[in-house]
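S.K.: So the sequence shown is numbered by this note's numbering: it starts at 792 and just counts up by one.
By construction, the Cβ of each residue, glycine as well, lies at the ideal position given by its N, Cα and C atoms.
None of these values were measured; they are calculated from a predicted model.
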Amino acid sequence: MTISKRAVLQLAALLSVLMLVAAACGNGGDDDNATDSDNGTTEPRGGDGTLKIGALLPETGDLAILGEPMFKAVELAVSQINEAGGVLDGDVELITADDGGRANDDLAVTNAERLVTTENVDAIVGAAGSSTTQAVLETITGAGVVECSPSNTGSDLSLEDSDDNGGYYFRTAPPDELQAPALADVITGDGHESVSIIALNDTYGQGFTRDLKAALDDIGAEVRAEVAYDPQGQTYDADVDQLVEAGADAVVLIAFPDTGGRVLTTMIEKGVGPTDVAIYVTDGLQTNSLYEQVDADDPSVTEGIKGTAPAAAPASGAPHFADDFAEFAPGVDTIFSAHSYDCVMVIALAALVAGSDDPADIRDEMVGVTKDGTKCTTFAECKALVDAGDEDIDYDGASGPLEFVDIGQPAAGTYDVYTFGADGTYATEEDQVTIG
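In structure tokens form, the structure reads like this:
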């Protein structure tokens, strides 16, 4: 039988394609970011002997006002780690990037991809907002990189199936299912029996609303209105009218400064501001510049507003942190600073105990270094224990004991109670509230 030249060429082309397919299927061990198609999990990236940490936090956007304390705390932690001898006999490298706040997911994803692929980081501190983390989670954990957020309090992230992120996601901020009972206790402790809630219509706002309503119901307070406002809205008159109609003893505003300031302005105009009814807020509005979003010429416009936030310096936290941070970043707000610091410390200690900067190895030690071992509160102290052969350490952090549960978040939360004064700044009460 005679075979035509054309048939020979077609057969050769087919064999070439088959060889390429076989090669692509068989080289998984050579691709650090290869994905196992059978179970959807990411194969280990491997390490190069240098621990590289990315900080994906807000430099711009609606959460930029909260970014500086977190960036500064990350820088402080890295400097202290390196002063104590670093990890794997070398300095920890820090690469920073902007997560753009809640309204710029495209920037967050682009910068997450750069940190993961170009910078080849082993772990990322961030993102700041819970909704931003949901946007970048697959980019980070799907590439087999550890993610530790210092400020994701959204309760829905506690419900994420850890199999979906390969166990690479962690957070040092206690979830809102813990903060909600703390805030409910403060509200009812002040004598209020009826409450209206106005909150961002996003993961953070609606998750907190759900948890707060349940907490208020549990202690017998009446929730008269639940208003979800659009963060992209231009006016909030119709939303605030619902608060006016409900006529509750207290109003809870769950927001961030940009839109929260505009909602508060409308509340004041319609007679449900802080001079008319008790106003309570959460960690998203804990900033000394909140009044500037309402009336930049009148710092007293926020006077009397009361709130809760994860404690920056809890009584149960490492005693050195508050002074260290004040010296390192004088005049900078402290919101989520301790939690940012602890993300870096836990990542570094996990790498130290693992003896590896492979993200998979770091992941496997993240929970263990926070509990059930020999207590230590600084990297130098913990490192001395590990160097002496004690790999079962229990890091008690700046934000508290941590004691991570299996899904990689604190078992308890300690909260500051703060009140805005006539000068626009907030003062924190001496007594803190601990839940869990």
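Flag this pair as touching only if the segment 1020-1037 and the segment 1048-1063 have three or more C-beta atom pairs under 8 Å; answer yes or no.
M.R.: At 8 Å Cβ cutoff, the stretches touch.
S.K.: Select from Gly-1212, Asp-1178, Gly-1199 the residue whose C-alpha is nearest the C-alpha of Leu-879.
M.R.: In the sequence shown, residue 879 corresponds to position 88, counting from 1. Ranking the options by Cα distance to Leu-879, first place goes to Asp-1178.
S.K.: Provide the residue span of the beta strand (DSSP E) that contains Asp-1207, from first to last.
M.R.: Residue 1207 sits at position 416 when you count from the first residue of the sequence shown. It spans 1204-1211 - the beta strand (DSSP E) in which Asp-1207 sits, taken as one unbroken run.
S.K.: Can you tell me where the beta strand (DSSP E) holding Ile-1226 begins and where it ends?
M.R.: Locating residue 1226 in the sequence shown gives position 435, where the first residue counts as 1. From DSSP, the beta strand (DSSP E) with Ile-1226 extends over 1224-1226.
S.K.: Suppose only complete runs of 3+ residues qualify. What are the beta strand (DSSP E) ranges in the segment 959-1010, listed by chain order?
M.R.: The segment 959-1010 contains these whole beta strand (DSSP E) runs: 960-962, 985-991.
S.K.: By the 10 Å Cβ neighbour count, where 16 or more other Cβ atoms means buried, how is Gly-831 classified, buried or exposed?
M.R.: Taking the first residue of the sequence shown as position 1, residue 831 is located at position 40. At Gly-831 the pLDDT is 40, less than 50, meaning the model places this residue with poor confidence and gives no usable figure here.
S.K.: Thr-930: buried (16+ other C-beta within 10 angstroms of its C-beta) or exposed?
M.R.: In the sequence shown, the residue the question calls residue 930 occupies position 139. The residue in question, Thr-930, is buried, as its Cβ has 16 or more Cβ neighbours within 10 Å.
S.K.: Should Thr-908 be labelled buried (16 or more other beta-carbon atoms within 10 Å of its own) or exposed?
M.R.: In the sequence shown, the residue the question calls residue 908 occupies position 117. Classification of Thr-908: exposed, given that the 10 Å Cβ count is below 16.
S.K.: Could you give the C-beta distance for Val-936 and Tyr-959, rounded to a whole number, given that I count them as a contact under 8 Å?
M.R.: The residue given as residue 936 occupies position 145 in the sequence shown. The residue given as residue 959 occupies position 168 in the sequence shown. Contact holds; Cβ gap of about 7 Å.
S.K.: Rounded to whole angstroms, what's the CA-CA distance from Leu-991 to Gln-997? Just pull it up for me.
M.R.: Sequence index remark: in the sequence shown, residue 991 carries index 200 (1-based). Sequence index remark: in the sequence shown, residue 997 carries index 206 (1-based). Going from the Cα of Leu-991 to the Cα of Gln-997 covers about 7 Å.
S.K.: Is Lys-1097 buried or exposed, if buried means 16 or more other CB atoms sit within 10 Å of its CB?
M.R.: The sequence position of residue 1097 within the sequence shown is 306, counting from 1. Result: buried.
S.K.: Between the C-alpha atoms of Thr-1219 and Thr-1078, what's the straight-line distance to the nearest angstrom?
M.R.: Locating residue 1219 in the sequence shown gives position 428, counting from the first residue. Locating residue 1078 in the sequence shown gives position 287, counting from the first residue. Straight-line Cα distance between these residues: approximately 12 Å.
S.K.: For Phe-1112, tell me which candidate among Asp-913, Gly-1122, Tyr-1132, Lys-1004 has the shortest Cα-Cα distance.
M.R.: Working through the sequence shown from its first residue, we reach residue 1112 at position 321. The candidate whose alpha carbon is nearest that of Phe-1112 is Tyr-1132.
S.K.: Measuring CB to CB, does Leu-1044 end up less than 8 Å from Val-1054?
M.R.: To locate residue 1044, count along the sequence shown from 1; it is residue 253. To locate residue 1054, count along the sequence shown from 1; it is residue 263. Result yes, Cβ atoms of Leu-1044 and Val-1054 sit closer than 8 Å.
S.K.: For the alpha helix (DSSP H) that contains Arg-1154, what are its first and last residues?
M.R.: In the sequence shown, residue 1154 corresponds to position 363, counting from 1. Looking at the DSSP string, the run of the alpha helix (DSSP H) that includes Arg-1154 is 1150-1157.
S.K.: At the level of alpha carbons, what is the spacing between Val-1160 and Asp-1115?
M.R.: The count along the sequence shown starts at 1 and reaches residue 1160 at position 369. The count along the sequence shown starts at 1 and reaches residue 1115 at position 324. Straight-line Cα distance between these residues: approximately 22 Å.
S.K.: Gly-1255: which of Ala-919, Gly-933, Gly-876, Phe-961 sits nearest, CA to CA?
M.R.: Outside the modelled stretch of the chain, which goes from 792 to 1227, sits residue 1255, for which no answer is possible.
S.K.: Please look up how many angstroms separate the CB atoms of Glu-1060 and Glu-1013, rounded, as I've assumed it's under 8 Å.
M.R.: Mapped onto the sequence shown, residue 1060 falls at position 269. Mapped onto the sequence shown, residue 1013 falls at position 222. Actually they do not touch by this definition, with Cβ atoms about 26 Å apart.
S.K.: Please state whether DSSP places Val-1031 in a helix, a strand or coil.
M.R.: Residue mapping note: residue 1031 aligns to position 240 of the sequence shown, counting from 1. It is helical.
S.K.: Are Met-861 and Ser-987 close, meaning C-beta to C-beta below 8 Å?
M.R.: To locate residue 861, count along the sequence shown from 1; it is residue 70. To locate residue 987, count along the sequence shown from 1; it is residue 196. In this structure, Ser-987 does not lie closer than 8 Å to Met-861 by Cβ.
S.K.: Rounded to the nearest angstrom, what separates Ser-1190 and Ala-868 at their Cα positions?
M.R.: Taking the sequence shown and counting its residues from 1, one reaches residue 1190 at position 399. Taking the sequence shown and counting its residues from 1, one reaches residue 868 at position 77. Those two C-alpha atoms are separated by around 13 Å.
S.K.: Of the choices Val-916, Gly-877, Ile-1126, whose alpha-carbon is the least far from that of Asp-890?
M.R.: Within the sequence shown, numbered from 1, the residue matching residue 890 stands at position 99. Considering only alpha carbons, the answer is Val-916.
S.K.: Taking the Cβ atom as the reference point for each residue, do Ile-1153 and Ala-1171 lie within a distance shorter than 8 Å?
M.R.: To locate residue 1153, count along the sequence shown from 1; it is residue 362. To locate residue 1171, count along the sequence shown from 1; it is residue 380. Cβ distance not < 8 Å, so Ile-1153 and Ala-1171 don't count as in contact.
S.K.: To the nearest angstrom, how far is the alpha carbon of Asp-882 from that of Ser-1147?
M.R.: Along the sequence shown, one-based indexing puts residue 882 at 91. Along the sequence shown, one-based indexing puts residue 1147 at 356. Between Asp-882 and Ser-1147, the C-alpha separation is close to 14 Å.
S.K.: Return the bridge partner residues of Ile-844 from the DSSP annotation.
M.R.: Numbered from 1 along the sequence shown, position 53 holds the residue referred to as residue 844. For Ile-844, which the question treats as bridged, DSSP gives the partners Leu-885, Ala-914.
S.K.: Leaving out five residues before and five after Val-1196 in sequence, what residues of the same chain have Cβ atoms less than 7 Å from its Cβ?
M.R.: Numbered from its first residue, the sequence shown carries residue 1196 at position 405. Cβ neighbours of Val-1196 beyond the five flanking positions: Ala-1202.
S.K.: Looking only at its own chain, which residues have a Cβ that is under 8 Å from the Cβ of Ala-1005, when we skip the five neighbours before and after it?
M.R.: Stepping through the sequence shown from its first residue, residue 1005 is reached at position 214. Same-chain partners within the cutoff: Ala-971.
S.K.: Any idea if Pro-849 is buried or exposed, counting beta-carbon neighbours within 10 angstroms, 16 or more meaning buried?
M.R.: Position 58 of the sequence shown, counting from 1, holds the residue named residue 849. When all chains shown are included, Pro-849 counts as buried.
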